[in-house]
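Numbering (this note's numbering), first residue to last: 38 to 498. Glycine included, each C-beta is placed from N, C-alpha and C at the ideal position. All figures in this text were calculated on a predicted structure; none of them were measured in a lab. Here's the structure, in structure tokens; my notes come after.
Written out as structure tokens, the structure is:
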């Protein structure tokens with residue numbers, strides 16, 4: 038026969054001992070265990086659940102640094118946009134979490150309301166930009182600020198440091214009152230930083246003077262320029278380059294001139310030939326000038342171009358100043374035409390040529406004029422013959438003048454109109470050349486011959 042265990046249970050309500058079966062005891066223990074487990078889970082949720090807890094930061098300040106983004110080497114005379122990168126490397130070391138703590142809206146390592154001011158200091162530059170408001174910068178982030186600077190044209194080469202001042206506000210601490218109120222305490226701070234800036238040694242060009250010599254429309258001439266090296270670099274094996282600007286009608290005949298050593302502070306005179314288009318106007322036209330040289334590192338570099346002006350004078354031209362000569366039909370004679378040099382330069386070995394047309398012919402269509410200065414007059418003589426059937430009216434004959442310019446180039450002027458008048462005969466010649474007069478004369482001659490013969494015949498009887 039199986040024995041059943043009896044457990045003794047002291048009831049707190051009645052203070053008496055009772056006996057229970059073993060299976061009922063096991064079910065009671067399970068119920069108690071479940072109750073304790075539920076209570077433990079609820080307690081654990083209050084202790085570890087972060088969603089309902091606040092954060093308090095016990096340390097951490099902004100830590101700002103600055104540097105130039107990209108290359109920081111510039112040459113004298115440069116005007117550039119200098120990109121500056123500002124980094125906040127401030128960290129938070131301690132943070133506590135409490136169920137009843139409110140989290141502040143700002144972190145203590147955030148630089149707020151930043152004002153960035155770049156200055157020239159002792160560097161030979163000018164900071165064109167004003168101080169800039171750049172807003173907030175959190176810890177671990179960075180931002181870019183661009184300042185416009187201008188390097189002095191006579192800046193010595195070397196490494197300089199530009200002062201950079203950054204003022205900002207940060208959260209010093211926050212006090213919590215009750216469960217729903219936080220009071221913030223902010224502090225201000227200014228950071229003094231430096232940005233390294235390198236000014237490279239480089240040749241700089243300055244045009245001391247520029248003069249044009251007999252540069253005329255449609256012709257070749259010379260231009261003389263004096264260049265000065267105002268930079269901080271000596272150049273060797275230097276070559277002066279000339280180049281046409283855009284659609285300018287002025288073009289250098291030779292695009293480069295070798296000048297050798299070109300030391301800083303020195304001057305060099307360059308004379309070069311240029312050609313002017315026939316379509317040009319008498320204006321001043323630009324030409325780009327630069328210098329290619331070997332620097333101290335042995336590399337060939339080219340300066341920034343400078344623009345010079347070339348004064349172009351009007352083209353060589355001629356006018357007819359003499360009144361129109363008069364000729365009669367059927368006549369031949371010398372016609373004098375006075376030409377004037379209305380251009381701005383002397384011409385050499387000039388000779389005029391006339392082109393005839395019906396009813397004119399000529400056996401000598403050239404006339405030598407010689408050298409002609411601006412404004413000078415010379416008279417050409419042409420032998421012309423007018424057809425006897427020529428109509429009485431004004432005629433326009435073409436002429437031109439061939440000459441040599443000051444470079445001994447053969448040139449030809451534009452066509453020049455020469456007016457010639459064909460007028461009727463006057464006086465005895467008009468009577469003698471009239472057809473009616475000829476008929477009368479012939480009839481008179483015939484009548485005279487008839488009368489003479491009749492008289493002779495009567496005498497012979």
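Can you find the residues in the same chain that come closer than 7 Å, C-beta to C-beta, to residue 158, ignoring five residues on each side of it along the sequence?
For the purposes of this step, residue 158 is taken as residue 121 along the chain shown, with counting starting at 1. Counting only Cβ-Cβ distances below 7 Å, and skipping sequence neighbours, we find 198, 199 and 200.
Assuming residue 191 and residue 267 are in contact, meaning their beta carbons sit under 8 Å apart, how far apart are those beta carbons, in whole angstroms?
What you label residue 191 is simply residue 154 of the chain shown in a count that begins at 1. What you label residue 267 is simply residue 230 of the chain shown in a count that begins at 1. With a Cβ gap of about 7 Å, residue 191 and residue 267 count as contacting.
Determine whether the beta carbon atoms of residue 390 and residue 403 lie at a separation below 8 Å.
Position 353 of the chain shown, counted from the start, is the residue given in the question as residue 390. Position 366 of the chain shown, counted from the start, is the residue given in the question as residue 403. Their beta carbons are under 8 Å apart, which means residue 390 touches residue 403 by this criterion.
Does the structure place the segment 272 to 287 close enough to the segment 363 to 371 that three or more beta carbon pairs sit under 8 Å?
No: the two stretches stay apart, fewer than three of their Cβ pairs being nearer than 8 Å.
Going straight from the alpha carbon of residue 108 to that of residue 203, what length do you get?
Counting from one through the chain shown, the residue named residue 108 turns up at place 71. Counting from one through the chain shown, the residue named residue 203 turns up at place 166. Roughly 22 Å separates the two Cα atoms.
Going by the beta-carbon positions, is the gap between residue 155 and residue 184 smaller than 8 Å?
Here residue 155 refers to the residue found at position 118 of the chain shown. Here residue 184 refers to the residue found at position 147 of the chain shown. Yes, Cβ-Cβ distance for residue 155 and residue 184 is below 8 Å.
Leaving aside the five residues before and after residue 237 along the sequence, list all residues of the same chain whose C-beta is less than 8 Å from its C-beta, in chain order.
Taking the chain shown and counting its residues from 1, the one referred to as residue 237 is at position 200. Excluding residues within five positions, the ones whose Cβ falls inside 8 Å are 110, 111, 112 and 194.
So what's residue 86 in DSSP terms, helix, strand or just coil?
Within the chain shown, the letter at position 49 stands for residue 86. Any reading at residue 86 is ruled out, since the residue's pLDDT is 41, under 50, leaving its predicted position unreliable.
Between residue 312 and residue 288, how many whole angstroms is the CB-CB distance? I'm expecting something under 8 Å.
Working through the chain shown from its first residue, we reach residue 312 at position 275. Working through the chain shown from its first residue, we reach residue 288 at position 251. Indeed, because the Cβ distance is near 5 Å, the residues count as touching under 8 Å.
Taking DSSP as the reference, what is the three-state secondary structure of residue 492?
Mapped onto the chain shown, residue 492 falls at position 455. Residue state, collapsed to three classes: helix.
Determine the DSSP secondary structure at residue 407, reduced to helix, strand or coil.
Position 370 of the chain shown, counted from the first residue, corresponds to residue 407. Here residue 407 sits in strand by DSSP.
Going by beta-carbon coordinates alone, are residue 174 and residue 148 separated by less than 8 Å?
Working through the chain shown from its first residue, we reach residue 174 at position 137. Working through the chain shown from its first residue, we reach residue 148 at position 111. Cβ atoms of residue 174 and residue 148: closer than 8 Å.
Could you say which of 362, 459, 451 and 383 lies nearest to residue 417 if we only look at CA atoms?
Against the chain shown, residue 417 aligns to sequence position 380. The shortest C-alpha separation from residue 417 is found at 362.
From 275, 323, 297 and 209, pick the residue whose C-alpha is nearest to that of residue 247; which is it?
The sequence position of residue 247 within the chain shown is 210, counting from 1. Comparing Cα-Cα distances from residue 247 to each of 275, 323, 297 and 209, the minimum goes to 323.
Around the Cβ of residue 218, are there at least 16 other Cβ atoms within 10 angstroms (buried) or fewer (exposed)?
Numbered from its first residue, the chain shown carries residue 218 at position 181. Exposed is the call here.
Pick helix, strand or coil for residue 484, following the three-state DSSP scheme.
In the chain shown, the residue the question calls residue 484 occupies position 447. Looking at residue 484 - three-state DSSP - the assignment turns out to be helix.
Contact check, residue 257 vs residue 290 under 8 Å by CB: the rounded distance?
In the chain shown, the residue the question calls residue 257 occupies position 220. In the chain shown, the residue the question calls residue 290 occupies position 253. Their Cβ separation, rounded to whole angstroms, is 7 Å, which keeps residue 257 and residue 290 in contact under 8 Å.
Do residue 223 and residue 99 have their C-beta atoms within less than 8 Å of each other?
What you label residue 223 is simply residue 186 of the chain shown in a count that begins at 1. What you label residue 99 is simply residue 62 of the chain shown in a count that begins at 1. It is not a contact, given that the beta carbons lie outside the stated cut-off.
Going by alpha carbons, who is nearest to residue 459 out of 423, 378, 120 and 220?
The residue you call residue 459 lines up with position 422 of the chain shown. The shortest C-alpha separation from residue 459 is found at 423.
Please return the same chain residues whose Cβ sits closer than 6 Å to the Cβ of residue 410, not counting the five positions on each side in sequence.
Your numbering for residue 410 matches position 373 in the chain shown. Contacts found: 383.
Which runs of the alpha helix (DSSP H) at least 4 residues long sit entirely within the segment 298 to 363? Give them in chain order.
You should have found no qualifying run.
Find the nearest neighbour of residue 366 within the set 425, 309 and 254, judged by alpha-carbon distance.
Indexing the chain shown from 1 puts residue 366 at position 329. When only C-alpha atoms are compared, the closest one is 425.
With distance defined between alpha-carbon atoms, name the residue in 308, 104 and 462 nearest to residue 503.
Outside the shown range of the chain (38 to 498) lies residue 503, about which nothing can therefore be said.
For residue 271, is the classification buried or exposed, using 16 other Cβ atoms within 10 angstroms of its Cβ as the cut-off for buried?
Locating residue 271 in the chain shown gives position 234, counting from the first residue. Its Cβ being crowded by 16 or more others within 10 Å, residue 271 is buried.
What separation, rounded to the nearest whole angstrom, lies between the Cα atoms of residue 298 and residue 152?
Position 261 of the chain shown, counted from the start, is the residue given in the question as residue 298. Position 115 of the chain shown, counted from the start, is the residue given in the question as residue 152. Whole-angstrom Cα-Cα distance: 49 Å.
Excluding the 5 residues flanking residue 303 on each side, which residues of the same chain have their C-beta closer than 6 Å to its C-beta?
Mapped onto the chain shown, residue 303 falls at position 266. Taken in chain order, the residues that qualify are 266.
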